[in-house]
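The structure under discussion appears below in the form of structure tokens.
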Amino acid sequence: MPSDQVVFLLEYIGSDYALAVEGGRVVNAFEYAEMLDFTKVVAEEYAAVRPGGEGELPLRLTQLGELVRRKSPAHEVRALVGAVVPMLAEALGVSSWPDRTPDVARGRALYAGDCGPCHGSAGRGDGWAAPGLDPPPTSFHEPRMEGVSPHQISGAIRYGIPGTAMPSYGHARGVDEIWDLAFFVASLGRAGSVVRPADGGNAGEAPAAESAGINLAGARDLERAFTSVAERVFPSVVGVTALAADDAGSAPDVGRPTKSGGWSRARGVRARNPGFAPVGAGSGFFVANDGTLLTDLHFLVDPATGRPAERIEVEFGDDRRGLARVLGVEPMINLAVLKVGLPIETPVAPVGDSAGARVGQWVIALGDPPGVERTFVAGSLSATPRRECYQEEPAETLFQTSIWIEAGGFGGPVVDLAGRVIGVAQPKPGVEPQAGMPSALRVLPIELALTIYEALATEASEISPWLGFAILELSRDLRRRITKAPRTGVYIDDVFDPSPASRAGIRAGDVLTSMNGNRLLSVADFQRWLYLSGVGATVTLELYRDGRLIEKQVPIEQRPAHLVP
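Converting from the sequence shown to the working numbering requires adding 30 to each position, the first position being numbered 1.
Listed below in structure tokens is the structure:
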């Protein structure tokens, strides 16, 4: 466990013990169990770093554990924690303060995207996503928050809080951003602490619009969130051009007279790629520092062959270009994995949580198609995917949005207000985007794309593997329908006929528990092993039916063409 997290757990005991114990009795069993667990973890982690158990600090940690076990008064626990935290931080080399002045304006913008939906714009625990959360989001105006330090808040942001809806942002936010956000949160609800936008005016003077009775604070927060997203994400977005052999264009264009009598410069994709002509263009974004990127398949297909184009050019925002090769594609979900060879590390946009996205939340589609154009379009999610498995109806695996974008923006990332990618921008299935005509935006969830992209790249697959059934997560409701349901597996919801599955005797209602001995815990597990096994392989499927386990040998085939959108 990181040293910083050990100190955070100790601080957490000091602030939340009062929620667990009152008057010598447990008032919140969940919180109390956490207090017992955290005191044990802190002592064990310190002992692992400083073996031997000598000195004052181990004695203090032992004393803390005894106070918690005895259900001692909260003020005693808080006082002891307050004395021990600086000792533990010094012993583990943990800094309780950033090495620079926090940018509270940036913290405010980050709060709007990361925290506001649950904790509310003013930090009162009343955000639009708060109803139904158990436990409810913290109000930063509670009296106990006066004793919570920015370091503790930064720990909660970095590591999350187990057993609550508070996720870890350590993978998505840099250290400086976490400190900025922590100091803004620390200012909420504190007497005499006023955080103002960095609008260039006097701290004590309201802007003209606000003095006229118009409150622009919310709009400024949103504006800062948008500009932060653009700065954060655009470096990872690229333009992608698909080119096919063109005998008529084999000679490079060295310049031609214009209608005005002058000469145009020799430029453009044809001049850079003699013998090739563009057949499609769009956007893409990097998912690894080695040049691996995701994009849509539809604009990469050469109409003459029905396969990905022979030559693919990638254009960076700084006007550099490189050729990419196709690592793998999945026609069923309009996904392509490319890799461009460059002697530099490629910037990667942070990945968000598409499974946690909600109807009504802000999303932004960014694109950088070849040329000078860029797209940045904000809107909201209007519907979430109905299912995770695309084997039957791929449209049901996509987010619907209120956004319409032009053709060049498809293939780019769709992000939340924090700039974290929640999916790949795609047109509505069955609709071919037309140049100059906006099309409705659908979003392929990033978790689905990342589940199969490594398998696609590993197997260099350009065809859809198919067993002939659709599956669902083994939910609580589905378990109620099954006699003695297995602990793990995925539910077979439908079986195509004819198909490899129907010929093998697989039925709707079976629970698939493993593939080639690999235990299946989720739909994502099934999809991953399907691609890694690949078309042509025969797999052993372990199925649960009517209270007993059975095995079936089933060949993986290529999905029939009439079943590919």
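Think of the CB as a built atom: it goes at the ideal place given N, C-alpha and C, for glycine as much as any other residue. Owing to the predicted nature of the structure, the values given are computational and were not obtained by experimental measurement.
Do you know offhand how far residue i's Cα is from residue j's?
i, j, result
"Val569", "Asp133", "55 Å"
"Phe38", "Arg537", "51 Å"
"His149", "Ser169", "7 Å"
"Ala212", "Ala307", "52 Å"
"Asp46", "Cys145", "20 Å"
"Lys318", "Gly298", "Going by the sequence as given, residue 318 is Ala instead of Lys. The straight-line gap from Cα to Cα measures roughly 28 Å."
"Val309", "Ile394", "27 Å"
"Arg250", "Ala216", "20 Å"
"Asp156", "Ser552", "33 Å"
"Ser384", "Arg337", "30 Å"
"Leu480", "Gly153", "34 Å"
"Ala104", "Leu110", "10 Å"
"Ser412", "Phe429", "8 Å"
"Thr288", "Asn303", "Any reading at Thr288 needs caution, since the residue's pLDDT is 34, under 50, leaving its predicted position unreliable; the model's value is listed next. Cα to Cα, the separation comes out at about 22 Å."
"Asp507", "Leu327", "36 Å"
"Val72", "Leu118", "10 Å"
"Phe526", "Arg589", "11 Å"
"Ala500", "Ser184", "43 Å"
"Asp555", "Glu572", "14 Å"
"Gly269", "Asp34", "40 Å"
"Pro116", "Ile43", "14 Å"
"Asn58", "Glu64", "10 Å"
"Arg578", "Ile342", "51 Å"
"Ala457", "Pro463", "Correcting the residue type first, residue 457 is Pro in the shown sequence and not Ala. Using only the alpha carbons, I get a separation of about 7 Å."
Using DSSP bridges, identify the partner residues of residue i.
i, result
"Phe406", "Leu396"
"Gly310", "Ala272"
"Asn548", "Met545"
"Glu64", "DSSP output for Glu64 lists no bridge partner at all."
"Ser479", "Just to set this straight, residue 479 is Ala in the shown sequence, not Ser. Answer is none; Ala479 lacks a bridge partner."
"Ser33", "Ser33 is not bridged to any residue."
"Val331", "Pro338"
"Met196", "The partner list for Met196 (beta bridge, DSSP) is empty, contrary to what the question assumes."
"Phe440", "Per DSSP, none; premise fails for Phe440."
"Thr322", "Lys369"
"Gly352", "Val344"
"Ser469", "Ile435"
"Arg254", "DSSP, once it has assigned bridges, lists no residue as partnering Arg254."
"Thr568", "Pro585"
Got a sec: does the ligand PLP put a non-hydrogen atom nearer than 7 Å to the Cβ of residue i?
i, result
"Leu571", "For the ligand PLP, the structure offers nothing, since it holds no ligand at all."
Would residue i and residue j qualify as a contact pair, given that the criterion is a beta-carbon distance under 8 Å?
i, j, result
"Ser410", "Gly390", "yes"
"Ala366", "Leu273", "no"
"Val114", "Leu94", "yes"
"Asp276", "Gly305", "yes"
"Glu12", "His181", "The structure shown does not extend to residue 12, since the chain is modelled only from 31 through 595, so no value can be given for it."
"Leu91", "Val107", "no"
"Leu502", "Gly519", "no"
"Val541", "Tyr521", "yes"
"Leu447", "Ala159", "no"
"Ile187", "Ile208", "yes"
"Leu486", "Val331", "no"
"Ala425", "Gly442", "no"
"Phe316", "Thr322", "yes"
Return no unless some Cβ of chain C is closer than 8 Å to the Cβ of residue i.
i, result
"Val37", "As a matter of chain content, chain C is missing from the structure shown, which is built from one protein chain."
With three or more beta-carbon pairs closer than 8 Å as the criterion, would you say the segment 527 to 543 touches the segment 567 to 584?
yes
How do the segment 464 to 477 and the segment 338 to 356 stand: do at least 3 beta-carbon pairs fall below 8 Å, yes or no?
no
Contained alpha helix (DSSP H) runs [length at least 4] in the segment 120 to 174, N- to C-terminal order:
134 to 144 and 146 to 149
Would the segment 398 to 409 count as touching the segment 257 to 269 if we require 3 or more Cβ pairs under 8 Å?
yes
For the segment 471 to 541, list the beta strand (DSSP E) runs that are entirely contained and at least 3 residues long, ordered along the chain.
499 to 503 and 520 to 525
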